[in-house]
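A.B. asks: So the sequence shown is residues 100 to 532, counted in my numbering.
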Amino acid sequence: MNKTVTITDNSTGKSIECPIMEGTHGEPVIDTRALSKELGMFTFDPAFVTTASCKSAITFIDGDRGILLHRGYPIEQLAEKSSYLEVCYLLLNGELPTQQQMDTFTFSIRRLSILHEGLLSFFNGFQHNAHPMAMLAGVVAGMSSYYHEEMDIYNPAHRDMCAIRLIGKMPTIAAKSFRYLLGRPYVYPQHNLGYVENFFNMMFYLPNREMPMNPTAVKALEIMLILHADHEQNASTSTVRLAGSSQANPYACVAAGIATLWGPAHGGANEAVINMLQEIGDVKNIPAYIELVKDKNNPTRLMGFGHRVYKNFDPRATIIRTACHQLLGELDASGEQQPMFEIAMELERIALEDEYFIERKLYPNVDFYSGIILSALGIPTKMFTVLFAVARTAGWIAQWKEMIEDPDMKIGRPRQLYIGAAQRDYVPVAQRL
Ligand code: ACO
Numbered sequence: 100m101n102k103t104v105t106i107t108d109n110s111t112g113k114s115i116e117c118p119i120m121e122g123t124h125g126e127p128v129i130d131t132r133a134l135s136k137e138l139g140m141f142t143f144d145p146a147f148v149t150t151a152s153c154k155s156a157i158t159f160i161d162g163d164r165g166i167l168l169h170r171g172y173p174i175e176q177l178a179e180k181s182s183y184l185e186v187c188y189l190l191l192n193g194e195l196p197t198q199q200q201m202d203t204f205t206f207s208i209r210r211l212s213i214l215h216e217g218l219l220s221f222f223n224g225f226q227h228n229a230h231p232m233a234m235l236a237g238v239v240a241g242m243s244s245y246y247h248e249e250m251d252i253y254n255p256a257h258r259d260m261c262a263i264r265l266i267g268k269m270p271t272i273a274a275k276s277f278r279y280l281l282g283r284p285y286v287y288p289q290h291n292l293g294y295v296e297n298f299f300n301m302m303f304y305l306p307n308r309e310m311p312m313n314p315t316a317v318k319a320l321e322i323m324l325i326l327h328a329d330h331e332q333n334a335s336t337s338t339v340r341l342a343g344s345s346q347a348n349p350y351a352c353v354a355a356g357i358a359t360l361w362g363p364a365h366g367g368a369n370e371a372v373i374n375m376l377q378e379i380g381d382v383k384n385i386p387a388y389i390e391l392v393k394d395k396n397n398p399t400r401l402m403g404f405g406h407r408v409y410k411n412f413d414p415r416a417t418i419i420r421t422a423c424h425q426l427l428g429e430l431d432a433s434g435e436q437q438p439m440f441e442i443a444m445e446l447e448r449i450a451l452e453d454e455y456f457i458e459r460k461l462y463p464n465v466d467f468y469s470g471i472i473l474s475a476l477g478i479p480t481k482m483f484t485v486l487f488a489v490a491r492t493a494g495w496i497a498q499w500k501e502m503i504e505d506p507d508m509k510i511g512r513p514r515q516l517y518i519g520a521a522q523r524d525y526v527p528v529a530q531r532l
């Protein structure tokens, strides 16, 4: 028997049966689409806390059990055994690639990693101290002005081309924005380097200096990219989908996703965590800071703690915590990052024992540690969210592609509960009191 939920309007006695839909995993959802037609009502769900906005076969999260699967594969296995580009392929195509498919994919990404010289000149219009997220959003939106001949969203080959172009060029744009801030010359992508090595080279190469490539650093960044590659219908991904539902081009949609990611409640959290750790400055200041974030009269939050979906632990935080220990052990010979890491560890310990955090199920999220890893890799704080955007490009574009390929795609259009003034007549200015 098909399961349903009965919704009755007590004022009229009219009822409708709403079907219950079941996915592969996770909570069932109530199909409320008949509500407005049959009862003349909408659902009220600010911030979409209990709304499934789409069907998706890409990523599954069980927030209570700390599970994250991409196309069915657990994040722990992908972080240990896969590479970022292989995860990109998986997200985009649904299956792990054969060797030949992977070689072709990698070749295309490398081939399209270079920027049109005209796009490079966009950077000159930015302030010398602009936030690199502003540059990233602007330049990615600007890509639509260069590749419009291969931008027919209903052409599958064009969609694939847009995906490869975005994944290929994102690290180049990110590295260029970093070098622009420092006034350093642009470094072209190298075809003989892996995705992560190439990124490091574009970021840090100087003609007058040796550029050693540390395998531990490369592995740490690879893990960090894998962990951030997709996270189902989060704020930036939902933004990409909403923008895409109007049939806007994918570069514009991803630029909208970048803008959304920028906020400190989302991708900006990794930057905010480092600022917070620096503000705390010493382990002895932690108790006072904990009191501050618990104070309801103060808007300060413990950055890197809490998640809309994970109410037990964030599996990405567990993986990245281990990577963080390894990296600091091997790279941080000078111990430069150690005090910050010690403050983070102590903050985590105290917060996890505190009733306030236990009651509200607030656990460290991935960004609590990712900032420390990025700092240890020599990446400046302003670039943290940019790195998150580089990684999340795969998820954004895979989700956008899935939506366009869905025959039921419609423009996204939420409704509202209007609480403004009732209808009234216009009053000429001379008659207003
Ligand atoms: N520090 C202190 N208190 C918090 C925190 C925090 N980090 N997060 C939530 N709370 C409290 C709230 O004040 C609220 O308390 P109340 O019930 O007494 O009013 C309760 O916990 C529930 O909080 P909500 O804001 O309703 O939780 P929501 O699910 O909407 O928010 C969010 C999730 C935005 C991530 C929030 O936990 C937060 O602001 N965290 C800090 C920022 C952060 O780390 N963001 C990264 C998210 S992960 C990512 O994007 C990769």
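Ideal Cβ positions, reconstructed from N, Cα and C, are used throughout, including at glycine.
Using 6 Å as the cut-off, classify the Cβ of arginine 400 as near or not near the heavy atoms of ligand 1, replying yes or no.
C.D. replies: Counting from 1 along the sequence shown, the entry for residue 400 is found at position 301. At least one heavy atom of ligand 1 is nearer than 6 Å to the Cβ of arginine 400, so yes.
A.B. asks: If we call anything under 7 Å between Cβ atoms a contact, is serine 344 one with leucine 360?
C.D. replies: For the purposes of this step, residue 344 is taken as the residue at position 245 of the sequence shown. For the purposes of this step, residue 360 is taken as the residue at position 261 of the sequence shown. Not a contact, by the Cβ cut-off of 7 Å.
A.B. asks: Verify whether the separation of the beta carbon atoms of glutamate 454 and isoleucine 385 is less than 7 Å.
C.D. replies: Against the sequence shown, residue 454 aligns to sequence position 355. Against the sequence shown, residue 385 aligns to sequence position 286. Here glutamate 454 is not near isoleucine 385, since their CB atoms are 7 Å or more apart.
A.B. asks: Check proline 196 in the structure and name its three-state DSSP category.
C.D. replies: Within the sequence shown, the letter at position 97 stands for residue 196. Reduced to three states, the DSSP call for proline 196 is coil.
A.B. asks: With DSSP collapsed to three states, give me the class of histidine 230.
C.D. replies: Residue numbering aside, residue 230 sits at position 131 when the sequence shown is read from its first letter. Reduced to three states, the DSSP call for histidine 230 is coil.
A.B. asks: What do you reckon, is the C-beta of arginine 278 under 6 Å from a heavy atom of ligand 1?
C.D. replies: As a first step, residue 278 is located in the sequence shown; it is residue number 179 there, counting from the start. No, the Cβ of arginine 278 stays beyond 6 Å of every heavy atom of ligand 1.
A.B. asks: What residue range is occupied by the uninterrupted alpha helix (DSSP H) comprising isoleucine 325?
C.D. replies: The sequence position of residue 325 within the sequence shown is 226, counting from 1. Element bounds for isoleucine 325: 314-326.
A.B. asks: Using the three-state DSSP reduction, which class does phenylalanine 159 fall into: helix, strand or coil?
C.D. replies: As a working mapping, residue 159 is identified with position 60 in the sequence shown. In the structure shown, phenylalanine 159 sits in a strand (DSSP, three-state: E or B).
A.B. asks: Give me the Cα-Cα distance between methionine 375 and glutamine 200, rounded to the nearest whole angstrom.
C.D. replies: Counted from its first residue, the sequence shown places residue 375 at position 276. Counted from its first residue, the sequence shown places residue 200 at position 101. Looking at the two C-alpha atoms, the distance is approximately 44 Å.
A.B. asks: Measure the alpha-carbon distance for alanine 256 versus tyrosine 279 and round it to whole angstroms.
C.D. replies: For the purposes of this step, residue 256 is identified with residue 157 of the sequence shown, where counting begins at 1. For the purposes of this step, residue 279 is identified with residue 180 of the sequence shown, where counting begins at 1. Near 34 Å, if we compare the C-alpha coordinates of tyrosine 279 and alanine 256.
A.B. asks: I need the boundaries of the alpha helix (DSSP H) containing threonine 421, first residue and last residue.
C.D. replies: In the sequence shown, the residue the question calls residue 421 occupies position 322. Run containing threonine 421: 414-430, per the alpha helix (DSSP H) assignment.
A.B. asks: Less than 6 Å separating the Cβ of phenylalanine 440 from some heavy atom of ligand 1?
C.D. replies: What you label residue 440 is simply residue 341 of the sequence shown in a count that begins at 1. For phenylalanine 440, the shortest separation between its Cβ and any heavy atom of ligand 1 does not lie below 6 Å.
A.B. asks: Taking Cβ to Cβ, would you say threonine 484 is nearer than 7 Å to leucine 265?
C.D. replies: Counted from its first residue, the sequence shown places residue 484 at position 385. Counted from its first residue, the sequence shown places residue 265 at position 166. Contact flag unset, no.
A.B. asks: Taking DSSP as the reference, what is the three-state secondary structure of glutamate 331?
C.D. replies: As a position in the sequence shown, residue 331 is number 232, starting the count at 1. Of the three classes helix, strand and coil, the one that applies to glutamate 331 here is coil, per DSSP.
A.B. asks: What is the residue span of the alpha helix (DSSP H) that isoleucine 385 lies within?
C.D. replies: Taking the sequence shown and counting its residues from 1, the one referred to as residue 385 is at position 286. Residue range 385-393 is occupied by the alpha helix (DSSP H) that includes isoleucine 385.
A.B. asks: Can we count leucine 461 as close to ligand 1, meaning its CB is less than 6 Å from some heavy atom?
C.D. replies: To locate residue 461, count along the sequence shown from 1; it is residue 362. The beta carbon of leucine 461 sits closer than 6 Å to at least one heavy atom of ligand 1.
A.B. asks: Sort out for me which residues DSSP pairs histidine 169 with in a bridge.
C.D. replies: As a working mapping, residue 169 is identified with position 70 in the sequence shown. Beta-bridge pairing links histidine 169 to Thr158 and Tyr172.
A.B. asks: Could you give the distance in angstroms between the alpha-carbon of threonine 158 and the alpha-carbon of isoleucine 174?
C.D. replies: Against the sequence shown, residue 158 aligns to sequence position 59. Against the sequence shown, residue 174 aligns to sequence position 75. Answer to the nearest angstrom: the Cα atoms are 10 Å apart.
A.B. asks: Just curious, the beta strand (DSSP E) that lysine 113 is in, first and last residue?
C.D. replies: Position 14 of the sequence shown, counted from the first residue, corresponds to residue 113. Looking at the DSSP string, the run of the beta strand (DSSP E) that includes lysine 113 is 113-120.
A.B. asks: So is glycine 122 buried or exposed if we call it buried at 16+ other beta carbons inside 10 Å?
C.D. replies: Here residue 122 corresponds to residue number 23 of the sequence shown, with the count starting at 1. Looking at its Cβ environment, which holds fewer than 16 other Cβ atoms inside 10 Å, glycine 122 is exposed.
A.B. asks: Using only the heavy atoms of ligand 1, determine whether one of them is closer than 6 Å to the beta carbon of histidine 365.
C.D. replies: Position 266 of the sequence shown, counting from 1, holds the residue named residue 365. The answer is yes for histidine 365.
A.B. asks: Thinking asparagine 333 and glycine 403 are a contact (beta carbons under 8 Å), I'd like their distance in whole angstroms, please.
C.D. replies: Numbered from 1 along the sequence shown, position 234 holds the residue referred to as residue 333. Numbered from 1 along the sequence shown, position 304 holds the residue referred to as residue 403. Not a contact, Cβ separation roughly 16 Å.
A.B. asks: According to the neighbour-count rule (16 or more other Cβ atoms, all chains shown, within 10 Å of its Cβ), is valine 295 buried or exposed?
C.D. replies: Counted from its first residue, the sequence shown places residue 295 at position 196. Buried is the call here.
A.B. asks: At a threshold of 6 Å, does valine 485 count as lining ligand 1 (C-beta to nearest heavy atom)?
C.D. replies: Taking the sequence shown and counting its residues from 1, the one referred to as residue 485 is at position 386. No, since every heavy atom of ligand 1 falls outside the 6 Å radius drawn around the Cβ of valine 485.
A.B. asks: Within the present structure, is the beta-carbon of phenylalanine 159 separated from the nearest heavy atom of ligand 1 by less than 6 Å?
C.D. replies: On the sequence shown, residue 159 is found 60 positions in, with the first residue counted as 1. No, the Cβ of phenylalanine 159 stays beyond 6 Å of every heavy atom of ligand 1.
A.B. asks: For phenylalanine 64, which of helix, strand or coil comes out of DSSP?
C.D. replies: Nothing about residue 64 can be reported from this structure: the residues present for the chain run from 100 to 532 only.
A.B. asks: Output the distance between the C-alpha atoms of isoleucine 510 and glutamine 498, rounded to the nearest integer angstrom.
C.D. replies: The residue given as residue 510 occupies position 411 in the sequence shown. The residue given as residue 498 occupies position 399 in the sequence shown. Near 15 Å, if we compare the C-alpha coordinates of glutamine 498 and isoleucine 510.
A.B. asks: DSSP puts aspartate 453 in a beta bridge; with which residues?
C.D. replies: Here residue 453 refers to the residue found at position 354 when the sequence shown is read from its first residue. Aspartate 453 pairs with nothing; no bridge assigned.
A.B. asks: Please state if the CB of asparagine 348 and the CB of methionine 508 are separated by a distance shorter than 7 Å.
C.D. replies: For this step, residue 508 is matched to residue 409 along the sequence shown. For this step, residue 348 is matched to residue 249 along the sequence shown. For methionine 508 and asparagine 348, no; Cβs fall outside 7 Å.
A.B. asks: Can you look up phenylalanine 147 in the DSSP assignment and give me helix, strand or coil?
C.D. replies: As a working mapping, residue 147 is identified with position 48 in the sequence shown. Helix, per DSSP.
A.B. asks: Express the C-alpha separation of methionine 120 and methionine 242 in angstroms, rounding to a whole number.
C.D. replies: Stepping through the sequence shown from its first residue, residue 242 is reached at position 143. Stepping through the sequence shown from its first residue, residue 120 is reached at position 21. Approximately 39 Å, taken between the alpha carbons.
A.B. asks: Is valine 392 a contact residue of ligand 1, with contact defined as CB to any heavy atom under 6 Å?
C.D. replies: In the sequence shown, the residue the question calls residue 392 occupies position 293. The answer is yes for valine 392.
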